[in-house]
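Residue numbers (this note's numbering): 4 to 261. The block underneath contains the structure these notes are about, expressed in structure tokens.
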Ligand code: MG
């Protein structure tokens, strides 16, 4: 099931997205799927008449995983880490589909990174790998935008990956999906720049949840970014980045400089 968060000018609401590409409709829901549950609402709205929002605003954290595809680690001149390489992104970095990503004045080298994002659905601590998939609410698409120059000079990645607008999520959450082998394609102004598959992740989703939950309590709405395949590169103001993951959809954002 595809669950979107959207607005028609009123308060944000959730809805189920149904229909074939180009003809989707949003079936309104009342409530909140993560925190209080939902019941069917009334109304069916053509998708093009709503503004999609980030499908989740993490209350607690976005966990990033670095160097989780061997070919990407190699292109950056890095080894694949033996254990998942975790970092944190503040929830203030999250924006939705179509929202502008603001290139900050502090950086002259901002990169796109198309990634599969896991949305946690329940409180989870010290989860075993075999139980890990039970903690997932669903999956969405992310762009782990990175100020590559600051990532190198800062050492810690908090600023380089944590600027406001640096974590676009969307277009919606797919709650039923086998993510073991999904094609991931990133386009820069329509040109394919990343073309990978989630089958090439070094550490799989269940392993990442177990590893992260051994350090942090995972809360409903927390998001784990699972790493990017090779082909990362710079994006400048005026360009658009779209990330498409098979079985989920396409996240598309313009980049601007303020
Ligand atoms: Mg990344």
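Cβ atoms here follow ideal geometry from the backbone N, Cα and C, with glycine treated the same way. Predicted model only: the values in this text are computed from it and were never measured.
Endpoints, the beta strand (DSSP E) within which residue i is located
i, result
"residue 17", "16-21"
"residue 26", "Looking at the DSSP string, residue 26 is not in any beta strand (DSSP E), and its letter there is neither H nor E."
"residue 198", "194-200"
"residue 225", "Where residue 225 is concerned, there is no enclosing beta strand (DSSP E), given that its DSSP letter is neither H nor E."
"residue 113", "113-115"
"residue 126", "It is not in any beta strand (DSSP E) - residue 126 carries neither H nor E in the DSSP assignment."
"residue 143", "139-146"
"residue 60", "Premise fails: residue 60 is in no beta strand (DSSP E) and is neither H nor E."
"residue 190", "186-191"
Endpoints, alpha helix (DSSP H) assigned at residue i
i, result
"residue 151", "151-157"
"residue 214", "208-216"
"residue 165", "161-165"
"residue 76", "73-78"
Sequence-distant residues of the same chain with beta carbon closer than 8 Å to residue i, five excluded per side
i, result
"residue 74", "199, 203, 232, 233"
"residue 11", "48, 52, 53, 54"
"residue 154", "160, 163, 164"
"residue 184", "200, 201, 202"
"residue 236", "114, 115, 191, 196"
"residue 242", "191, 192, 257, 258"
Cβ distance (whole Å) where residue i is taken to contact residue j below 8 Å
i, j, result
"residue 58", "residue 175", "5 Å"
"residue 68", "residue 228", "6 Å"
"residue 72", "residue 41", "Between residue 41 and residue 72 the Cβ distance is about 35 Å, and since that is not below 8 Å, they are no contact."
"residue 32", "residue 64", "25 Å between Cβ atoms; not a contact."
"residue 138", "residue 124", "6 Å"
"residue 168", "residue 255", "That pair is no contact at about 14 Å."
In DSSP terms, what residue i is bridged to
i, result
"residue 255", "245"
"residue 230", "DSSP, once it has assigned bridges, lists no residue as partnering residue 230."
"residue 170", "97"
"residue 33", "42"
"residue 69", "88"
"residue 4", "Residue 4 pairs with nothing; no bridge assigned."
"residue 55", "9"
"residue 108", "According to DSSP, which records beta bridges pairwise, residue 108 is partnered with nothing at all."
"residue 250", "Note: residue 250 sits in no beta bridge, so no partner."
"residue 47", "30"
"residue 179", "Residue 179 pairs with nothing; no bridge assigned."
Same chain, Cβ closer than 7 Å to residue i, five either side skipped, listed in chain order
i, result
"residue 50", "20, 27, 28, 29"
"residue 261", "105"
"residue 152", "110, 111, 112"
"residue 130", "138, 212, 213, 216"
Chain-order list of residues whose beta-carbon lies under 6 Å from that of residue i (same chain, five-residue window excluded)
i, result
"residue 177", "5, 141, 142, 251"
"residue 37", "223, 224"
"residue 61", "94, 224, 225, 226"
Check: Is the number of C-beta pairs between the stretch 161-181 and the stretch 97-111 that are closer than 8 Å three or more?
Finding: Yes, they touch.
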